[in-house]
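Asker:
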Amino acid sequence: MLNKTAAEDKPSVFTLDNYKILYDSSPDMLLSVCASTTKILECNNTLAKTLNTSKDKLIGKSVFSIYHHDCIESVENAFKTFIEKGRLNNLELILKNKTPILLKVEAIRNVYGEIIYSNSCLRDISNTKHIKPKVKKKKENDETESLIRAYNSSKKIAQSLKLIKDSAKAIRTQNKTDNDYSKTMKDIERRMENILETLNED
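Be aware that the sequence shown starts at 234, since it is given in our numbering, and climbs by one per residue.
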């Protein structure tokens with residue numbers, strides 16, 4: 234009696250039915266497009282649900298029909314780029330229901346190297362679009378707070394330096410003799426004045 238191999242003992246997850254389930258239930262929108270006609274050859278349920286339609290109504294239509302009119306020119310340019318280069322990566326577009334997506338496209342070629350159709354992945358980035366302004370706003374607020382803290386610190390330093398300068402001037406004024414002590418006070422006064430001028434320039 235022949236022993237079964239380990240591969241034969243385990244059920245294969247790469248069956249056509251399982252692949253179909255994975256394809257249709259993918260969180261990303263997937264579709265294949267004919268390179269010569271721009272018609273949709275296949276798509277998954279995720280795309281159909283996002284566009285509030287059915288797969289049957291999408292298949293056979295031009296891929297341009299799923300995009301918002303505001304970005305049609307970008308879609309047309311992207312299609313030309315795809316035909317030239319055979320791929321697109323992380324292109325931001327908008328579907329006709331205003332869903333923002335990130336598009337990635339790979340070419341499927343025949344034995345002659347000619348592109349016959351494309352496999353596309355469209356990722357919904359609605360949540361990312363909502364998060365970005367919040368992140369930007371927080372960054373701006375953090376920068377503003379940092380500037381305020383820096384300004385307040387600079388102001389406190391300036392006040393302390395002015396106090397030192399005024400004290401040195403008072404001591405120098407009271408000391409009538411032109412000795413080393415008076416010269417030191419005058420030097421301190423001058424140095425404080427220079428630093429204060431620098432702070433005011435900033």
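Glycine included, each C-beta is placed from N, C-alpha and C at the ideal position. These numbers were taken from a predicted model, which means no experiment stands behind them.
How would you write the range of the beta strand (DSSP E) that Val266 sits in, first residue to last?
Answerer: Counted from its first residue, the sequence shown places residue 266 at position 33. Where Val266 is concerned, the enclosing beta strand (DSSP E) stretches over Met262 to Cys267.
Asker: Here's a check: name, in chain order, each residue in its chain whose Cβ is nearer than 6 Å to the Cβ of Leu324, leaving out the five neighbours to either side.
Answerer: The residue labelled residue 324 in the question sits at position 91 within the sequence shown. When the five nearest sequence neighbours on each side are left out, the beta carbons in the same chain lying within less than 6 Å of the beta carbon of Leu324 are those of Ala311 and Leu336, in order along the chain.
Asker: In terms of DSSP beta bridges, what is Lys210 paired with?
Answerer: No answer is possible for residue 210: it lies beyond the span of the chain, which begins at 234 and ends at 435.
Asker: Does the distance from the C-beta atom of Asn277 to that of Asp250 stay below 8 Å?
Answerer: Counted from its first residue, the sequence shown places residue 277 at position 44. Counted from its first residue, the sequence shown places residue 250 at position 17. No, these two residues do not count as a Cβ contact at 8 Å.
Asker: Assuming Ile316 is part of the alpha helix (DSSP H), what are its boundary residues?
Answerer: The count along the sequence shown starts at 1 and reaches residue 316 at position 83. Start and end: Ile305 to Lys318.
Asker: Could you have a look at Tyr252 and say whether DSSP puts it in helix, strand or coil?
Answerer: As a position in the sequence shown, residue 252 is number 19, starting the count at 1. Reduced to three states, the DSSP call for Tyr252 is helix.
Asker: Tell me whether Tyr345 is buried or exposed, calling it buried when 16 or more other Cβ atoms sit within 10 Å of its Cβ.
Answerer: On the sequence shown, position 112 is the one that residue 345 refers to. By the 10 Å Cβ count, Tyr345 comes out exposed.
Asker: In this structure, does DSSP put Leu335 in helix, strand or coil?
Answerer: Residue 335 sits at position 102 when you count from the first residue of the sequence shown. Here Leu335 sits in strand by DSSP.
Asker: Which one of Tyr300, Glu426, Asn322 and Thr286 has the shortest CA to CA distance from Asp399?
Answerer: Locating residue 399 in the sequence shown gives position 166, where the first residue counts as 1. Measuring from the Cα of Asp399, the nearest candidate turns out to be Glu426.
Asker: Quick test of your reading: Leu264 and Ser353, contact by CB under 8 Å. State the CB separation rounded to the nearest angstrom.
Answerer: The residue labelled residue 264 in the question sits at position 31 within the sequence shown. The residue labelled residue 353 in the question sits at position 120 within the sequence shown. 5 Å between Cβ atoms; contact.
Asker: Suppose contacts are defined by Cβ-Cβ distances below 8 Å. Is Ile348 in contact with Arg342 by that definition?
Answerer: Start at 1 with the first residue of the sequence shown, and residue 348 comes out as number 115. Start at 1 with the first residue of the sequence shown, and residue 342 comes out as number 109. Contact flag set, yes.
Asker: Report the rounded CA-to-CA distance for Asn285 versus Arg382, giving the unit in angstroms.
Answerer: If you number the sequence shown from 1, residue 285 lands on position 52. If you number the sequence shown from 1, residue 382 lands on position 149. So the two alpha carbons sit approximately 51 Å from each other.
Asker: Shortest alpha-carbon distance to Gly319 belongs to which of Val266, Leu394, Thr377 and Ser415?
Answerer: Working through the sequence shown from its first residue, we reach residue 319 at position 86. The option with the nearest alpha carbon to Gly319 is Val266.
Asker: Using 8 Å as the threshold, is the C-beta distance between Glu275 and Ile299 below it?
Answerer: Position 42 of the sequence shown holds residue 275. Position 66 of the sequence shown holds residue 299. Ile299 sits away from Glu275, with the two beta carbons spaced by 8 Å or more.
Asker: Taking the alpha-carbon of Lys331 as reference, which of Ser351, Leu321 and Ile305 has the nearest alpha-carbon?
Answerer: Locating residue 331 in the sequence shown gives position 98, counting from the first residue. The shortest C-alpha separation from Lys331 is found at Ile305.
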